[in-house]
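Colleague: Below is a structure I'd like to ask you about.
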Amino acid sequence: MDKHIVTTIEETHRLAHTVLSEYPRGGVLALTGELASGKTTFVQGLGHALGIKRLLSPTFTILRQYSSSPPLYHMDLYRLNSVQEALDIGLAEILSLPNAIVAIEWPEKITPILPQHTIHLDFVINPDGTRTISTRYGTKD
């Protein structure tokens, strides 16, 4: 497990760029943490690294897809009620796409269907306002 302390949005974006450079062909990123801990900011950093000018939160739409190389799928599952609901709207198919970046906020809602190779990132707000972002590669809880 790697731990990174970030103090600015720019540092969060740089970390996203670093993670992306380790998986240039894509992967599933499971982002956990409380509200306002930096998950969406991290995904915005992924988008910037992929040349996406404006990345919007999918809180109300559950999923946003961006045409980049590789394509970016940004999921916010906060409003999802069950794994079955995820299956019904086709999220399992997106999780199995080759050569795509799939960034998932609130992935604990779909733990049973996350791929074995999922990259887990845990975001913690520290008392001083900095964030600790811990990464685990290729494991499943």
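All the letters of the sequence shown, read from the start, carry residue numbers 1 to 141 under UniProt numbering.
All C-beta atoms, glycine included, are put in the ideal place defined by N, C-alpha and C.
Taking the straight line between their C-alpha atoms, what separation do you get for Thr111 and Lys53?
Modeller: As a working mapping, residue 111 is identified with position 111 in the sequence shown. As a working mapping, residue 53 is identified with position 53 in the sequence shown. Cα to Cα, the separation comes out at about 31 Å.
Colleague: His17 by DSSP, collapsed to three states: which one?
Modeller: The sequence position of residue 17 within the sequence shown is 17, counting from 1. His17: helix per DSSP, three-state reduction.
Colleague: Confirm, please, whether the CB-CB distance from Val19 to Ile104 is below 8 Å.
Modeller: The residue given as residue 104 occupies position 104 in the sequence shown. The residue given as residue 19 occupies position 19 in the sequence shown. For Ile104 and Val19, no; Cβs fall outside 8 Å.
Colleague: Just verifying my parser: in three-state terms, what is the DSSP assignment at Glu22?
Modeller: Translated into the one-based positions of the sequence shown, residue 22 becomes position 22. Note: Glu22 maps to helix in three-state DSSP.
Colleague: Going by beta carbon distance, what residues of the same chain come within less than 7 Å of Ile9, once the five residues before and after it are set aside?
Modeller: Sequence index remark: in the sequence shown, residue 9 carries index 9 (1-based). Within the same chain, Ile9 has close Cβ partners Thr41.
Colleague: Three or more C-beta pairs closer than 8 Å, one from the region 121-128 and one from the region 82-94: is that the case here?
Modeller: These segments do not touch.
Colleague: Check whether the Cβ atoms of Tyr73 and Ile89 sit closer than 8 Å, and answer yes or no.
Modeller: Locating residue 73 in the sequence shown gives position 73, counting from the first residue. Locating residue 89 in the sequence shown gives position 89, counting from the first residue. No; because the gap between Cβ atoms is not below 8 Å, this pair is not in contact.
Colleague: Buried or exposed for Ala36, going by 16 or more other Cβ atoms inside 10 Å?
Modeller: Locating residue 36 in the sequence shown gives position 36, where the first residue counts as 1. Its Cβ having fewer than 16 others within 10 Å, Ala36 is exposed.
Colleague: Can the beta-carbon of Tyr78 be found less than 8 Å from the beta-carbon of Thr61?
Modeller: For this step, residue 78 is matched to residue 78 along the sequence shown. For this step, residue 61 is matched to residue 61 along the sequence shown. Contact: no.
Colleague: Which residues does DSSP pair with His120 in a beta bridge?
Modeller: In the sequence shown, the residue the question calls residue 120 occupies position 120. Note: His120 sits in a beta bridge opposite Ala30, Arg136.
Colleague: Let me make sure I understand the geometry here. Which of Leu63, Gly47, Leu55, Leu56 has the alpha-carbon closest to that of Ser69?
Modeller: For the purposes of this step, residue 69 is identified with residue 69 of the sequence shown, where counting begins at 1. Checked all of Leu63, Gly47, Leu55, Leu56; the closest Cα to Ser69 is Gly47.
Colleague: If you follow the beta strand (DSSP E) that Lys3 is in, where does it begin and where does it stop?
Modeller: Along the sequence shown, read from residue 1 onward, the residue named residue 3 stands at position 3. Note, Lys3: beta strand (DSSP E), 2-6.
Colleague: Identify whether Ile101 lies in helix, strand or coil by the three-state DSSP scheme.
Modeller: Counting from 1 along the sequence shown, the entry for residue 101 is found at position 101. If DSSP states are grouped into helix, strand and coil, Ile101 belongs with the strands.
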